[in-house]
Amino acid sequence: MPSHPNGHPGRAALGAFLRSRRQSLTPEDLGLDLTQPREGPGLFREEVAHRAGISVAYLARLEQGTATQASVAALNGLGRALMLDAHERDELFRLAETPPATRRREPPPEHVSIGTAQLLTAMADVPAIVLGTRDDVLAWNRLGHRLIASHLPFESPLDLDTRPNRVKMVFLDPRLRETYRDWKVEAQRAVTQLQQLATHRSDDLALMRLVGDLVVASDEFAAYWADPQPAAPTRGIRELYHPEVGDLDLRFEILTLEGSEQRLLTHSADPGSVSEERLRDLAALIPA
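Position in the sequence shown (first residue = 1) + 41 = the working numbering.
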């Protein structure tokens with residue numbers, strides 16, 4: 042049986058498994074740049090860590106058998122990055138001595154309830170957005186749409202093919218990126234929130250695909266994802282720039298809707314502030 046100086050043979054076996062799988066893949070398997078010199082077979086550790094959404098140092102500890110515990114999220118990321126089949130993924134979890142979450146599932150499409158839709162309409166003076174379990178935008182009211190995504194069709198959340206995703210918008214939508222006066226703060230908030238969702242929904246295939254797509258599409262996302270942060274705030278100040286009314290300093294609140302995992306994101310301005318006046322100006326621009 043493999044041994045390791047720290048006295049934990051299982052960690053050594055896990056490290057050997059990860060190294061073997063990394064060395065068995067080729068850059069062509071992942072569509073990677075072939076111009077970079079390579080001294081040995083397989084993928085660079087950096088390439089695997091990037092695709093898995095973990096730090097290079099953490100992957101090194103796992104391969105060397107010195108990491109004390111591998112999280113479910115990290116193992117899922119490695120399974121995706123190393124292109125493991127179902128049997129190999131089970132072996133990965135067995136070696137890590139981490140029981141996999143329930144069998145991965147394809148979740149049903151999410152929709153807001155009639156009551157939630159009516160609530161959004163009633164909140165006409167408050168920018169409001171309903172977020173799903175993967176940070177998809179399930180619905181918004183007219184002012185919420187005008188504030189955050191007026192460049193997208195108002196009906197886009199209704200169609201699964203056009204439904205926006207808040208994290209994708211933060212990292213991949215140049216128009217929304219320009220809206221945030223401190224984009225780095227918003228990027229960190231978005232990733233931390235998604236990490237929290239992934240921790241509680243590690244069996245969600247759609248969520249795992251979302252993370253994988255973002256890691257591949259955005260180096261910035263991959264860097265944030267590999268550096269877990271404390272819990273994302275459910276309230277705070279958001280500094281925005283809107284091309285129609287200028288700078289806005291708004292308070293945001295994220296409330297979990299009773300009886301579901303959906304969340305209501307609202308924005309408001311301090312009474313008597315310039316932002317309150319500008320928010321009213323923005324509302325006045327919405328066609329009747």
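For every residue, glycine included, the Cβ atom is placed at its ideal position computed from N, Cα and C. Everything numeric in this text was worked out from a predicted model, so none of it was measured.
- [ ] Output the distance between the C-alpha atoms of L255 and V167, rounded to the nearest integer angstrom.
- [x] 30 Å
Task: Coil, strand or helix - R79 by DSSP - done: coil
Open item on the list: Going by C-alpha to C-alpha distance, which of H128, G106, I95 sits closest to V113?
Closed with: I95
TODO: Within the same chain, show all residues whose beta-carbon is closer than 7 Å to that of A263, passing over the 5 residues directly before and after it, in chain order.
DONE: H91, G94, V256
TODO: Measure the C-alpha to C-alpha separation of E318 and L248 and round it to an integer number of angstroms.
DONE: Answer to the nearest angstrom: the Cα atoms are 39 Å apart.
Open item on the list: Tell me which residue opens and which closes the alpha helix (DSSP H) that H186 is part of.
Closed with: 183-190
Open item on the list: As a quick exercise: from G287, T233, L251, pick the residue whose alpha carbon is nearest that of A265.
Closed with: For the sequence presented, residue 265 should be read as Tyr rather than Ala. With distances taken between Cα atoms, Y265 lies closest to T233.
Task: Start-to-end residues for the alpha helix (DSSP H) that takes in E299 - done: Note, E299: premise wrong, no alpha helix (DSSP H); not H, not E.
- [ ] Report the rounded CA-to-CA distance for T297 versus Y282, giving the unit in angstroms.
- [x] Rounded to whole angstroms, T297 to Y282 spans 27 Å at the Cα level.
Task: Spatial distance of Q229 from L119 (CA atoms) - done: 22 Å
Task: DSSP-derived helix/strand/coil call for F262 - done: helix
TODO: Measure the beta-carbon distance from R183 to A165 and round it to whole angstroms, keeping in mind my assumption that it falls under 8 Å.
DONE: With a Cβ gap of about 7 Å, R183 and A165 count as contacting.
TODO: Going by CA-CA distance only, name the one from A273, R60, E88, S316 that's closest to D260.
DONE: Taking only the C-alpha atoms, the option nearest D260 is E88.
Task: Q270 versus A329: straight-line alpha-carbon distance, rounded - done: Taking the Cα positions, Q270 is about 43 Å away from A329.
TODO: Give a yes or no on contact between the region 195-208 and the region 173-180, applying the rule of three or more CB pairs nearer than 8 Å.
DONE: yes
Task: Beta-carbon proximity of E104 to L133, cut-off 7 Å - done: no
Task: Nearest neighbour of G56, chosen from P82, R79, R86, E196 [CA to CA] - done: For G56, the nearest C-alpha among the options comes from R86.
Task: Through-space distance from W181 to D200, alpha-carbon basis - done: 13 Å
TODO: Assign L326 to buried or exposed, taking buried as 16 or more other Cβ atoms, counted over all protein chains shown, within 10 Å of its Cβ.
DONE: exposed
Task: Cα-Cα separation, D8 to S65 - done: Because the chain in this structure spans residues 42 to 329, residue 8 falls outside the shown range and cannot be described.
Open item on the list: Measuring alpha carbon to alpha carbon, tell me which residue in H308, T157, D214, R52 is nearest Q280.
Closed with: Note on residue identity: the sequence assigns Glu, not Gln, to residue 280. E280 has its Cα closest to that of H308, out of H308, T157, D214, R52.
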